[in-house]
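I have placed the structure first, in the form of structure tokens, so that the comments after it can refer back to it.
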């Protein structure tokens, strides 16, 4: 059996969140020695785990030395070669959330928007000096909005660049924004370049040329999609008396908006003395609908209501599995900016 490889972030918050996420999907990573840069997935023995820096994960998947990787979408969009050999299997794993944003000193009064930046640059009669680790994405964004700029590549702490004086402003990843505020910086209105979170990527050629690799990718996507869908849903159970299952169902249809995923599901409740005209009602609802679901079931005669979190919900064909199959029918992987172009330059809430 061929062994495939997946790279995970080696350190930091993204590394911890990636391990926790995989475990919640039923894929515990076993790493006997914390100093080693290799590990195994006991439930997927044909998939070996490596640990790399987020940017190196993109390079390794792109050149085919690693088959799969989990890293930030920001790194994928910034570091992927052009034309790309990377296929994004899942762009929204639900952790590592941040936004690549333009930030300027708080002291720039009256300069809060992209239009203000353009005007300020004209007044300076020189391009704005922008310190960033994301030269490609930042340059594309500033050019798109016709703001004169000079990029200053930096690998250390960016927030101090305007105070020190080697840059006018920065372009960096923002999560809570507290670090910016601590350094007296503010995000430019409309200056959100890319909304990012952790993504699952693969080498297009390896997938296209290997049925076992495609089967493994489908296995990963099935577990991930089932976990992500299940994590926002809850099972609600209630006992209800009625002459028949159909009558109980009709009562719910007549007086409630709860239909669940494909429900409600109704089954007889058996006691030592027989059924006694009692039925168990089961619906699956989103988390924000729990209280409404409980009240509606009680309003139509439900009792003993029990709410249980859902671990997995498996679809017949997860959308991203279908998208992968469609992409592999092409000779080249989809252009990243064409597939996810709406993320670039989008104004986020």
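Residue numbers (my numbering): 848 to 1196.
Virtual Cβ for every residue (Gly too), placed ideally from N, Cα, C.
Taking the alpha carbon of residue i as the point to measure from, which residue in the options has its own alpha carbon closest?
i: residue 1181; options: 935, 1081, 955 and 962; result: 935
i: residue 1142; options: 1162, 1183, 1085 and 1161; result: 1085
i: residue 1123; options: 1087, 1145 and 1098; result: 1087
i: residue 870; options: 1036, 1112 and 1067; result: 1067
i: residue 1102; options: 1145, 1119, 895 and 868; result: 1145
i: residue 1160; options: 1072, 1059, 1169 and 1135; result: 1072
i: residue 944; options: 922, 857, 990 and 854; result: 922
i: residue 1037; options: 1045, 1018 and 931; result: 1018
i: residue 887; options: 862, 1028 and 851; result: 851
i: residue 863; options: 907, 969 and 918; result: 918
i: residue 1156; options: 966, 1137, 1165 and 891; result: 1137
i: residue 949; options: 1166, 1147 and 984; result: 984
i: residue 873; options: 962, 1070, 1140 and 1029; result: 1070
When we look at the beta-carbon of residue i and count the other beta-carbons within 10 Å, is it buried (16 or more) or exposed?
i: residue 1235; result: What the structure shows of the chain is the stretch from 848 to 1196, and residue 1235 is not part of that stretch, so it cannot be assessed.
i: residue 960; result: exposed
i: residue 912; result: exposed
i: residue 1173; result: exposed
i: residue 1126; result: buried
i: residue 1177; result: exposed
i: residue 855; result: buried
i: residue 929; result: exposed
i: residue 1106; result: exposed
i: residue 971; result: exposed
i: residue 1091; result: exposed
i: residue 1111; result: buried
According to DSSP, is residue i helix, strand or coil?
i: residue 939; result: coil
i: residue 791; result: With the chain covering only 848 through 1196, there is no way to say anything about residue 791.
i: residue 856; result: strand
i: residue 872; result: coil
i: residue 983; result: helix
i: residue 929; result: coil
i: residue 1160; result: coil
i: residue 1190; result: Residue placement at residue 1190 cannot be trusted, given a pLDDT of 47 that sits under 50; the coordinates are not used to answer.
i: residue 1100; result: helix
i: residue 948; result: strand
i: residue 878; result: coil
i: residue 972; result: coil
i: residue 1150; result: strand
i: residue 1196; result: Any reading at residue 1196 is ruled out, since the residue's pLDDT is 34, under 50, leaving its predicted position unreliable.
i: residue 1144; result: helix
i: residue 1004; result: coil
Along the alpha helix (DSSP H) that carries residue i, what are the first and last residues, could you check?
i: residue 1055; result: 1051-1055
i: residue 1134; result: Note, residue 1134: premise wrong, no alpha helix (DSSP H); not H, not E.
i: residue 1075; result: 1058-1077
i: residue 907; result: 901-910
i: residue 1172; result: 1166-1174
Which residue marks the beginning of the beta strand (DSSP E) containing residue i, and which one marks its end?
i: residue 998; result: 996-1000
i: residue 1080; result: 1080-1088
i: residue 1115; result: 1112-1115
i: residue 916; result: 915-919
**Message:** Please give me, in chain order, every unbroken run of the beta strand (DSSP E) with length at least 3 that falls completely inside the stretch 1009-1042.
**Reply:** 1016-1021
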